[in-house]
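Novice:
Residue numbers (the numbering used here), protein chains in the order written: chain A, 365 to 555; chain B, -13 to 274.
1) Can you give the beta carbon distance from residue 176 of chain B to residue 182 of chain B, rounded, assuming they're within the 8 angstroms contact cut?
2) What does the Cβ neighbour count give for residue 93 of chain B, buried or exposed, with the cut at 16 atoms within 10 Å?
3) With 8 angstroms as the threshold, decide whether the Cβ of residue 104 of chain B is near any Cβ in chain A.
4) Just checking my contact of residue 454 of chain A with residue 515 of chain A at CB under 8 angstroms: how many whole Å lie between their CB atoms?
5) Could I get the ranges of all uninterrupted alpha helix (DSSP H) runs contained in the region 458 to 535 of chain A, with 4 residues as the minimum, in chain order?
6) Roughly how many angstroms lie between the CA atoms of residue 212 of chain B and residue 193 of chain B, to the nearest whole one?
7) For a quick check, are the C-beta atoms of residue -1 of chain B and residue 110 of chain B less than 8 angstroms apart?
8) Kindly list, in the order they appear in chain A, the residues whose Cβ is closer than 7 angstroms to that of residue 264 of chain B.
9) Are residue 462 of chain A and residue 533 of chain A touching if we call contact CB-CB under 8 angstroms?
10) Does residue 217 of chain B pass the burial test, meaning 16 or more other C-beta atoms within 10 Å, or should it be called exposed?
11) Using a Cβ cut-off of 9 angstroms, pull out every chain A residue sitting near residue 67 of chain B, in sequence order please.
12) Between residue 554 of chain A and the rest of its own chain, which residues show a CB-CB distance below 6 angstroms, the 5 nearest in sequence each way excluded?
13) Between B:82, B:1, B:51, which lies nearest to residue 226 of chain B when the distance is taken from Cα to Cα?
14) Would residue 232 of chain B pass as a contact of residue 10 of chain B if the rule is Cβ separation under 8 angstroms?
15) Comparing C-alpha positions only, which one of A:503, A:467, A:537, A:530 sits nearest to residue 414 of chain A?
16) For residue 185 of chain B, go through chain A and note every residue whose CB falls closer than 9 angstroms to its CB, in chain order.
17) First and last residue of the beta strand (DSSP E) that includes residue 16 of chain B?
18) Could you please tell me which residues of the region 88 to 120 of chain B, in chain order, have their CB closer than 7 angstroms to any CB of chain A?
19) Nearest-angstrom Cα distance between residue 125 of chain B and residue 245 of chain B?
20) Can you tell me which of B:46, B:35, B:80 puts its alpha carbon nearest to the alpha carbon of residue 57 of chain B?
21) Give the straight-line distance between the Cα atoms of residue 203 of chain B and residue 40 of chain B, rounded to the nearest whole angstrom.
22) If you drop the 5 nearest sequence neighbours on each side, which residues of the same chain put their C-beta closer than 8 angstroms to that of residue 207 of chain B?
23) Provide the residue span of the alpha helix (DSSP H) that contains residue 87 of chain B, from first to last.
24) So, residue -4 of chain B versus residue 86 of chain B, is the Cβ gap smaller than 8 angstroms?
25) Hey, how far is the Cα of residue 525 of chain A from the Cα of residue 3 of chain B?
26) Helix, strand or coil, according to DSSP, for residue 221 of chain B in the structure here?
27) In whole angstroms, what is the alpha-carbon distance linking residue 550 of chain A and residue 271 of chain B?
28) Mind checking whether residue 128 of chain B and residue 116 of chain B have CB atoms under 8 angstroms apart?
29) Comparing alpha-carbon positions, which option in A:502, A:506, A:492 lies nearest residue 521 of chain A?
30) Measuring CB to CB, does residue 49 of chain B end up less than 8 angstroms from residue 30 of chain B?
Quick look at the structure:
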């Protein structure tokens, strides 16, 4: 509740006419940006908890009556995706992307994910491989990206039938990674 | 050495040998349509005189309506794939753009990257993108009101008084929160924005939108600072998207272009929220 209230208060502040039009002083603009950033980051904790409750619930109902605790994931937001930066996709050979559709009807979206390599597979929640396309990040964008991030490519795929106010998750894996070589793609026994 | 074309079954975009957008085919129509970046010089006024203020945070006021082209030749790279086709344009060292058409979409996406705007010449600059078509819009264009109804605008006119404009550029600029459009009896062109911008149609068939500005003087309306944002001493870089729609102005097989714009608008303004999870401990079958 405290996270949501911080965001509520921030959005209240952002209704000021100077915030709307950009006629605030520079230091005030920076403070607005900081408040928004803190608010979004705080609320990301709420969305993570909700997504974990939803995914555990569906797992529980489908397989066992015991609630599972090994499916708690860290659903991270990447606020710099607008400049083709995302630490999770840039530094992990395997990751999942969950898309939550805020609209009240089914929708689809071409998704672009920054990645460091050019060979990936994407599978949907039914285990079907998706058509993907890999493109190099434009030179002009590479110039302005955070130097510590490694994505030289963007992975594109078409996420379809995202349910109204619901979510769909995709699994993304780098092919020929060292992890794959050590760990063949078979179903291991659960421990 | 010849026209470069990207597109799909719904829309095709042609680029001339200089690298500029030159023609668009969509909805059974082909028309010469160009797109370019230009900038206005910000006015440097005497702020003690009310009618001679500088361009600043509150007011857009170009110096003698002077407009400058940023490039006459554009370097391009072309990427064609199954899902998306892209033309990447470099206009100069501080303006570049990716024009893309996705496989199933009936519109094109223009992703622009502008900045840091150079001010070594002590001139503030206000950068615009301009789409020019042959649509005979007769001085009329439409801008939205916060994504709700579209409001009819007439160049050099106001609804309730006789207007004499001393500043024909800024006097015809209107707020664009999500959409600007124009049409004639045959064709329609609309641009959706990803953020609020200023826009206008200063010639029939042309739409312009301001994408970035860097100014060196305060306009004396209260903020007390020039609109000169810097990051580590450099001007800011802005990146954003315009979604370009073109087609017949009437209905086509029961679905109007306006309806397509509305549907796309929802998806663009309320896109899916993206959450990333590290899956180091799970292979795909375990994940399933």
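We put the beta carbon where it would ideally sit given N, CA and C, even for glycine.
Just so we're clear, the structure is a prediction, and the values are computed from it rather than from any experiment.
Specialist: On the basis of the supplied data:
1) Rounded, the Cβ-Cβ distance is 16 angstroms, inconsistent with contact.
2) buried
3) no
4) 5 angstroms
5) 503 to 508
6) 28 angstroms
7) no
8) 438, 452, 456, 459
9) yes
10) exposed
11) 497, 498, 499, 520
12) Residue placement at residue 554 of chain A is flagged as unreliable, the pLDDT there being 34, under the threshold of 50; a coordinate-derived value is accordingly withheld.
13) B:82
14) yes
15) A:530
16) Ordered by position in chain A, no residue passes the 9 angstroms Cβ test against residue 185 of chain B, which lies about 15 angstroms from the chain.
17) 15 to 28
18) 88, 99
19) 24 angstroms
20) B:80
21) 6 angstroms
22) 39, 42, 43, 44, 45
23) Per DSSP, residue 87 of chain B belongs to no alpha helix (DSSP H); it is in the beta strand (DSSP E), 81 to 88.
24) no
25) 40 angstroms
26) strand
27) Residue placement at residue 550 of chain A is poorly supported in this model, since its pLDDT is 36, which falls under 50; the coordinates still yield a value, given next. Roughly 7 angstroms between the two C-alpha positions.
28) no
29) A:492
30) yes
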